[in-house]
Amino acid sequence: MSITAIKGFNDILPGEVEKWQHIEATARDVFSRYGLSEIRIPILEKTDLFARSIGDTTDIVEKEMYSFIDKGENRVTLRPEGTASVMRAFIEHKLYALDPVSKLYYMGPMFRYERPQKGRYRQFHQIGAEVTGVANPRVDAQVLTMLSQFFAALELDEPSLEINSLGCPECRPAYRETLKEFLRSKLDSLCEDCRRRFETNPLRALDCKVEGCKNATAGAPAMLEHLCAGCDAHFASTREHLELVSTRYRINNRMVRGLDYYTRTTFEMVTGLLGAQSAVAAGGRYDGLIADLGGPSIPGIGFAMGVERVALLLDAAKFSSSPALFIVALGEQAQKSAFSIACELQSGGVSVEFDYEGKSMKSQMRRADKLSCRYTLIIGEAELASGRAPLKEMATGIQTEVPLTPESIVCQLKS
Ligand code: ATP
Ligand code: MG
């Protein structure tokens with residue numbers, strides 16, 4: 000029996016990987032225009048980092064982490080998300096001392112023990128951004144605009160931006176109590192998870208997907224109506240700045256993020272095209288996180304998008320790449336000549352394929368066709384003797400004779 004991959008861990012194969020490369024290149028391009036630099040963080044961290052930042056009563060920490068004890072008896076975890084690691088690095092290397100405003104992005108695999116299904120895997124990939132050092136809502140609007148620009152650059156109409164505010168340590172506790180009062184009489188109709196979280200994290204009931212919870216919380220008070228003056232002004236100014244640059248958004252006052260560190264602005268990029276896996280990207284402000292992790296009191300805001308979900312929205316056909324030229328060679332001498340011409344063209348920047356094994360003309364042409372090569376060059380004994388060979392543009396069928404030198408072939412490919 001052959002060995003297969005672990006459930007929920009995927010290979011990304013040629014044909015699909017071109018989409019990923021395009022997504023990554025687009026992120027690098029768009030993010031760098033907004034002044035972000037890349038940071039590469041380890042995949043394994045101390046378990047405490049996530050327990051302390053994400054929160055004990057969150058889905059991630061309660062049941063989704065890949066944690067184990069290593070050979071040195073250390074409690075370690077495969078990172079379930081990127082923000083905690085980026086902030087750990089930010090504090091550890093005192094990045095705030097280099098520049099009061101730090102703008103970072105990362106990309107790479109994350110690990111969560113969830114039930115695998117379309118758009119939900121155990122190893123998945125995120126591209127995320129973190130901007131620290133600015134409390135002003137202008138930065139919220141800029142981060143949201145950058146995220147919208149990223150999807151526009153991918154030429155996607157979906158997903159669309161939803162925003163909310165989760166308040167701050169000043170106003171959220173009172174709202175929590177108000178919400179608990181409201182939910183108390185409805186406890187019987189809440190799902191088991193929401194009942195269990197009622198004391199520790201009652202807000203989660205608001206975005207619970209279970210039908211009973213949706214009904215029970217239908218008329219629940221909203222955080223937006225219970226913001227303190229500071230949070231209210233922050234939200235209004237974020238909206239004003241989004242409108243100033245025509246970044247489209249919708250308010251979703253039931254949005255609750257699954258991580259504890261969020262304050263004030265929270266947001267999601269949602270789509271109707273992926274069933275229950277509707278959030279393509281998500282994030283928010285985390286003004287207390289850096290201090291909670293032992294750093295200075297510096298505000299921050301960030302997001303992460305799920306690359307698999309972005310890829311599901313893109314059409315693979317648009318990103319496949321095909322060789323510029325296929326050299327069909329007949330006979331031992333012609334094959335040697337094809338080999339060296341291909342090699343010179345490849346080192347000169349042209350993508351070239353040829354046959355390695357002396358197959359028939361028909362079989363070589365079939366492969367050229369299958370690879371969707373733009374041109375074919377046919378070399379046989381007669382062509383070797385005359386030093387000229389027919390170059391055919393596959394789409395039009397137009398054929399031209401070219402001298403059998405890499406320079407003349409390149410010239411013809413470019414014309
Ligand atoms: P969901 O509600 O779908 O579980 P989440 O709130 O757990 O998402 P975040 O922790 O905010 O998600 O992560 C940001 C993004 O990462 C999500 O919007 C999604 O696109 C992606 N993501 C999260 N978990 C997975 C997963 N198990 N598989 C694939 N993508 C995921
Ligand atoms: Mg989740």
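Take 0 as the starting number for the sequence shown in numbering that gives the first Met the number 0 and just add one per residue.
All residues carry an ideal CB built from backbone N, CA and C; glycine is no exception.
Annotated three-state conformation of histidine 124 is strand, per DSSP.
If you check the CB distance, proline 115 and lysine 6 come in under 8 Å.
Listed in chain order, the non-local C-beta contacts of leucine 273 below 8 Å within the same chain comprise Lys117, Gly118, Val279, Arg308, Leu311 and Leu312, local neighbours out to five positions each way being set aside. If you draw a straight line from the Cα of leucine 241 to the Cα of alanine 173, it comes to about 29 Å. Under the three-state reduction of DSSP, proline 41 is assigned to coil, being neither helix nor strand. DSSP lists Gly127 as the bridge partner or partners of tyrosine 105. If you look at proline 172, you'll find it in the alpha helix (DSSP H) that goes 171-183.
Classified as exposed, phenylalanine 67 has fewer than 16 neighbouring CB atoms from the shown chains inside 10 Å of its CB. Each of Val16, Asn73, Gln141 and Ser359 was checked against the Cα of phenylalanine 302, and the nearest Cα belongs to Gln141. Here cysteine 170 has His225, Leu226, Cys227 and Cys230 as same chain residues with Cβ atoms under 7 Å from its own Cβ, once five neighbours each way along the sequence are excluded. Distances between the C-beta of aspartate 55 and the heavy atoms of the ligand MG are all 7 Å or more. Apart from sequence neighbours up to five positions away, the residues of its chain that approach aspartate 69 with a beta-carbon distance below 8 Å are Val75, ordered along the chain. In terms of side-chain proximity, the C-beta atom of glycine 257 is found nearer than 7 Å to a non-hydrogen atom of the ligand MG. Our two residues, proline 220 and aspartate 47, have alpha carbons roughly 34 Å apart in a direct line. Judged by beta-carbon spacing, glycine 282 lies beyond the 8 Å limit of threonine 262, meaning their Cβ atoms are not closer than that value. For glycine 299, the secondary structure class from DSSP, reduced to helix, strand or coil, is strand. At a cut-off of 7 Å, the beta-carbon of valine 279 counts as near the ligand ATP: some heavy atom of the ligand is closer than that. Annotation for aspartate 98 indicates a beta carbon at 7 Å or more from all heavy atoms of the ligand MG.
In the displayed model, glutamine 363 falls within a helix according to three-state DSSP. Straight across, the Cα-Cα distance linking isoleucine 250 with glutamate 161 is about 6 Å. Glutamate 15 has its alpha-carbon roughly 34 Å from the corresponding atom of leucine 329.
Separation of the CB atoms of leucine 223 and serine 277 is rounded to 21 Å, and the pair is thereby denied contact status at 8 Å.
In this structure, the alpha-carbon of serine 414 lies about 22 Å from that of leucine 370.
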